[in-house]
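J.:
Residue numbers (this note's numbering), protein chains in the order written: chain Z, 1 to 286; chain F, 1001 to 1316.
1. What whole-angstrom Cβ distance do residue 82/Z and residue 199/Z have, given they're in contact under 8 Å?
2. Could you tell me the alpha carbon to alpha carbon distance between residue 1037/F and residue 1161/F, rounded to whole angstroms?
3. Hey, does residue 1112/F have any beta-carbon neighbour from chain Z nearer than 7 Å?
4. Any Cβ of chain Z within less than 7 Å of the Cβ of residue 1116/F?
5. I need the straight-line Cα distance from residue 1155/F to residue 1021/F, nearest angstrom please.
6. Return the residue from the list 1191/F, 1180/F, 1066/F and 1189/F that minimises the CA-CA distance to residue 1206/F.
7. Whose CA, out of 102/Z, 3/Z, 167/Z and 141/Z, lies closest to the CA of residue 26/Z?
8. Below 7 Å between beta carbons: does that hold for residue 1043/F and residue 1212/F?
9. Given a cut-off of 7 Å, decide if residue 20/Z and residue 262/Z are closer than it, judged by their beta-carbon atoms.
10. Terminal residues of the continuous alpha helix (DSSP H) containing residue 171/Z?
11. Can you confirm whether residue 1013/F, when its beta carbon is compared against all beta carbons of chain Z, has any partner nearer than 7 Å?
12. Is residue 1268/F close to chain Z, meaning its C-beta is less than 7 Å from at least one C-beta of that chain?
13. So, using beta-carbon positions, are residue 1045/F and residue 1215/F closer together than 7 Å?
14. Using a Cβ-Cβ distance under 7 Å, would residue 1283/F count as near chain Z?
15. Between the C-alpha atoms of residue 1290/F and residue 1254/F, what's the straight-line distance to the nearest angstrom?
16. CA-CA distance, residue 1260/F and residue 147/Z?
17. To the nearest angstrom, report how far apart residue 97/Z and residue 1193/F are at their CA atoms.
18. Run down chain F in chain order and give the residues with a C-beta less than 7 Å from the C-beta of residue 287/Z.
19. Rounded to a whole number of angstroms, what is the C-alpha to C-alpha distance between residue 1086/F and residue 1070/F?
20. Assuming residue 1187/F contacts residue 1056/F under a Cβ cut-off of 8 Å, what Cβ separation, rounded to an integer in Å, is found between them?
21. Determine the direct distance from the alpha carbon of residue 72/Z to that of residue 61/Z, and round the result to whole angstroms.
22. Check for me: the alpha helix (DSSP H) holding residue 93/Z runs from which residue to which?
23. Any idea which residues DSSP pairs residue 133/Z with across the strands?
24. The stretch 1049–1064 of chain F: which residues have C-beta closer than 8 Å to a C-beta of chain A, in chain order?
25. Is it the case that the Cβ atoms of residue 1209/F and residue 1072/F are separated by a distance below 7 Å?
26. Does DSSP put residue 1236/F in a helix, a strand or coil?
27. Can you find a CB in chain F that lies within less than 7 Å of the CB of residue 185/Z?
28. So is residue 82/Z in contact with chain F if we call contact Cβ pairs under 7 Å?
29. For my contact list, residue 259/Z and residue 246/Z are in at a C-beta cut-off of 8 Å; report their separation, rounded to the angstrom.
30. Would you call the stretch 169–189 of chain Z in contact with the stretch 48–61 of chain Z, where contact means no fewer than 3 C-beta pairs closer than 8 Å?
31. Quick check on residue 1238/F: buried or exposed, where buried means 16 or more other Cβ atoms within 10 Å of its Cβ?
32. Whose Cβ in chain F lies nearer than 9 Å to the Cβ of residue 217/Z?
33. For residue 214/Z, return the contacting residues in chain F, with the cut-off set at a CB-CB distance below 7 Å.
34. Going by DSSP, name the residue or residues bridged to residue 116/Z.
35. Does any C-beta atom of chain F lie closer than 7 Å to the C-beta of residue 271/Z?
36. My guess is that residue 1236/F and residue 215/Z are in contact by the Cβ rule of under 8 Å, so how many angstroms apart are they, rounded?
This is the structure in structure tokens:
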């Protein structure tokens, strides 16, 4: 087995992981499945692009601004459009689909339907045992994992994280214990959107910016979430790597459309054989 | 609903319908006629989706997939089996019903979210399959030159209008019947319905079959009108627009989503000058409507038309 295949698989896995963690966190806390997740991903990349080219910022401020902007936007949207009606599942899902539609159109209107180049900030390669590894990809993998680790620390070790976890477990009881569930929701939405935007920047830097990526990444995030099981947050990480490595290996042997078809097949298979997913537990108590 | 359909409203509705029906004969073929034909097709789709989503509460993202397969099978039956276009529509419906049966049974084990995800995956899988087996589906570009219902668009207008009316009438009758009542019970509270003895399995699958039948019919209509069908029929765009129509029109009333088709497509045409912003505006409209007027356009109409009665004080 080729070393480069495994390395690439790890890289793809980390990309899948950061692309999905926001989605699973969003759903687990709020009970709303954010179909617009893919849009948030590429929005992070696009806003950074604007920051770099039109506002002439350097990478870090541009990235920071775009992450905060996406986080704020989604939080406000959630606050006014979703929070009040989150118990009506059908309506909530439709609203996120509408958001997906609108954001996609907005991006096409503002940036054009074709791909945009995203500057590579860490050019060059490193030679390890005879194979080339792109430094940019290494940076992306490591920074994604660090971001996820930071999020883990935030959720597990801080007071806010405790409040969020309480809300996830049982919202009503948490509320009766004095935890403002709505506020916890807003925190979670902000955190998940922010890390999603960050993931988008990473993805853009190793691929490119394009509206087509939105549907693809959306599908990937959905697939990983389902494989992991909708009730678990951290389960998406192993699931992401499994899928990532499988995808890399499969793509090298079957190529092209494989990725597209395989994602949907995985979703259907998992839901038919084991709807709970790998790590899912009982359903969310809203 | 009883508040609304008193005699004067009924007469008004029939009058509007007559004017609408006579319009094409008076004005002849025009761009508007073509728009209306498309509206008819989508109205059938929206109304049929309503019996699944609005009545039993199964939010399926696969409705356009069934529509697409109905279109494809209709096309294949014409091209390979030399079946006349009119029958092809029925074949589309039958295929739709079969697919609805399969999907309905499959989705019994899922509630809201997983149901939507599975049907979503099925839609995307359909697209991938259609692209993959380009030899029989014509791939992205599709099959062309399918014999149409008629080269005279006015005839197609009437045929599609007829099918639309038939669809709405049948669905409305089902909705008003005991079957419809049970379906709505399932949507409101599935466990409660079970306790009251409603056979949830039977009615969920029934709704799926009925709705999918009409979706397949719409598919057959589509391909015999356009003369072509391709993998692009499975695009997410169609699904999202369908959901727009359903939501804006007012779910759960059959007529509402059909009206929604008129609203969305006509607005889309009038707003053509702001081409790219159209969908953004419609999306915002949908969100606002869902939050402020959940009953949609139909609900607003209801309120307006029932004012006289309520002013007179004899509303129950």
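A virtual CB, placed ideally from N, CA and C, is assigned to each residue, including glycine.
T.: This is what the structure gives:
1. Contact flag wrong, Cβ pair sits at about 21 Å.
2. 8 Å
3. yes
4. Interface with chain Z (7 Å Cβ-Cβ cutoff): residue 1116/F is included.
5. 12 Å
6. 1180/F
7. 167/Z
8. no
9. Residue 20/Z is positioned such that its CB atom lies no closer than 7 Å to that of residue 262/Z.
10. 171–176
11. No - not a single Cβ of chain Z is within 7 Å of the one on residue 1013/F.
12. no
13. yes
14. So, interface residue.
15. 17 Å
16. 44 Å
17. 29 Å
18. Lying outside 1 to 286, the shown extent of chain Z, residue 287/Z is not represented and no answer is given.
19. Taken atom to atom, the span from the alpha-carbon of residue 1086/F to that of residue 1070/F is near 13 Å.
20. 6 Å
21. 16 Å
22. Start and end: 89–111.
23. In the DSSP output, where bridge partners are listed per residue, residue 133/Z has 126/Z.
24. Absence of chain A from the displayed structure is noted, the protein chains being Z and F.
25. Contact: no.
26. helix
27. no
28. no
29. Not really, about 10 Å apart at Cβ, beyond 8 Å.
30. The stretch 169–189 of chain Z vs the stretch 48–61 of chain Z: no contact.
31. Of the residues assessed, residue 1238/F falls on the buried side of the cut-off, its CB having 16 or more other CB atoms within 10 angstroms.
32. Per Cβ cutoff of 9 Å: no residues; residue 217/Z is ~13 Å from chain F at best.
33. Simply none; closest approach about 10 Å.
34. 209/Z
35. yes
36. 7 Å
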